[in-house]
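**Q** One structure coming up, written as structure tokens, with questions to follow.
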Amino acid sequence: MRRLLRNQKSNKFFGRFFTYLFLIVLSIIILYPLFITAQSAFNVSNLAAFTLDWHMQWTLDNFRQLFSQTLYLTWFKNTIIIAISTMIIQVIIVTLAGYTYSRYRFKGRKNGLIFFLIIQMVPTMAALTAFFVLGLIINGLDQYWYLTLVYVGGGIPMNTWLMKGYFDTIPRDLDESARIDGAGHLRILCQINLPLAMPMIAVQALWAFMGPFGDYLLAAFLLRTPSNLTVAVGLQQFIANPTNQNISLFAAGSFLISIPIVVLFFFLQRYFQSGLTAGGTKG
């Protein structure tokens with residue numbers, strides 16, 4: 001008996017040890033490049049490459065130069081507008097589509113889901129020409145609204161599948177109980193299912209908001225005017241010339257990108273857990 005207890009304690013110890021070891025290694029892999037970027041953003045000298053210097057001189061001049069001598073604030077504003085628009089439109093469409101595919105049976109439902117999977121298999125590179133030609137036809141090149149629609153359309157297929165899968169986990173007994181009490185389709189959606197689906201809706205909102213900040217390919221392909229660029233495309237200009245790269249400005253701009261994403265994450269964090277219990281009882 002003692003030997004069995006000793007073995008259980010030993011297995012529990014090694015399990016925890018390797019779990020924490022894995023988390024520590026993973027944290028180092030994630031935080032190390034972020035630390036280098038942050039340090040480069042506050043470095044007094046113009047770096048030729050990202051380096052880790054423990055004896056560097058700290059300064060805010062890179063941020064002052066970024067705001068006063070570049071179009072960074074304009075790029076930042078453009079990205080915020082596109083990100084918020086993409087988030088709102090995509091979350092609404094994906095939520096309604098996922099709920100429809102999960103709760104209702106209609107003609108073409110299976111084929112529609114299969115079509116979403118097929119569309120998702122097409123890489124972005126293969127669709128660039130189609131996006132460009134479509135933009136020419138509808139006069140959407142160098143326009144925020146067109147890039148926003150491209151982002152929304154690209155996020156619908158797979159995110160609809162994810163949202164449908166989440167709605168599938170919500171018991172249908174809650175819907176039936178609400179119908180017995182006289183609730184209609186809209187009330188069941190708004191008062192029963194949406195509160196329970198808030199964790200996935202919050203995740204969808206965060207993903208949709210982050211997309212325009214990190215995307216370079218589509219924005220560089222569809223936007224032309226320097227004042228209409230997004231942050232990712234604008235920052236690339238600082239390192240585009242191999243003989244005259246400004247790593248410090250690039251790092252400073254990259255550091256500021258994380259601020260709205262972090263703010264939105266902390267704002268949505270409460271919904272990650274609150275949705276697990278909200279709406280579970282009939283009002």
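Numbering (UniProt numbering), first residue to last: 1 to 283. All C-beta atoms, glycine included, are put in the ideal place defined by N, C-alpha and C.
(1) Using a Cβ-Cβ cut-off of 8 angstroms (strictly less than) and excluding sequence neighbours within five positions of I156, which residues of its own chain qualify?
(2) Could you pull out every unbroken alpha helix (DSSP H) segment of at least 4 residues lying fully inside the segment 90 to 141, listed in chain order?
(3) Could you tell me which of Y99, P33, A126, M125 sits nearest to L113, measuring between CA atoms?
(4) Could you check what DSSP says for N43 in three-state terms: helix, strand or coil?
(5) Just verifying my parser: in three-state terms, what is the DSSP assignment at A278?
(6) Rounded to the nearest angstrom, what separates G15 and F22 at their Cα positions?
(7) CA-CA distance, T230 and F67?
(8) Alpha carbon to alpha carbon, what distance is there between L249 and T59?
(9) For P171, which option in R224, I30, R103 has the closest C-alpha, if you only look at C-alpha atoms?
(10) Pick from F221, Q204, T129, N228: whose alpha carbon is nearest that of Q269?
(11) Output yes or no for whether 7 angstroms exceeds the beta carbon distance between T37 and A251.
(12) Sorted by chain position, which residues of the same chain lie with C-beta nearer than 7 angstroms to R224's C-beta, five sequence neighbours on each side aside?
**A** The structure says:
(1) For I156, where only same-chain residues beyond five positions count, the Cβ hits under 8 angstroms are Q90, I93, V94, A97, F116.
(2) Scanning the segment 90 to 141 from its first residue to its last, the whole alpha helix (DSSP H) runs of 4-plus residues come out as 109 to 121, 124 to 137.
(3) Checked all of Y99, P33, A126, M125; the closest Cα to L113 is Y99.
(4) DSSP places N43 within a strand segment (E or B) once states are collapsed to three.
(5) Because A278 sits at a pLDDT of 46, beneath the cut-off of 50, its placement in the model cannot be relied upon, and the point is left open.
(6) Distance between G15 and F22, taken at the CA atoms: about 11 angstroms.
(7) Per the coordinates, the alpha-carbon of T230 lies some 15 angstroms from the alpha-carbon of F67.
(8) The straight-line gap from Cα to Cα measures roughly 12 angstroms.
(9) The candidate whose alpha carbon is nearest that of P171 is R103.
(10) Out of F221, Q204, T129, N228, Q204 has the C-alpha closest to the C-alpha of Q269.
(11) Judged by their CB atoms, T37 and A251 are nearer to each other than the 7 angstroms cut-off.
(12) Listed in chain order, the non-local C-beta contacts of R224 below 7 angstroms within the same chain comprise L141, D142, local neighbours out to five positions each way being set aside.
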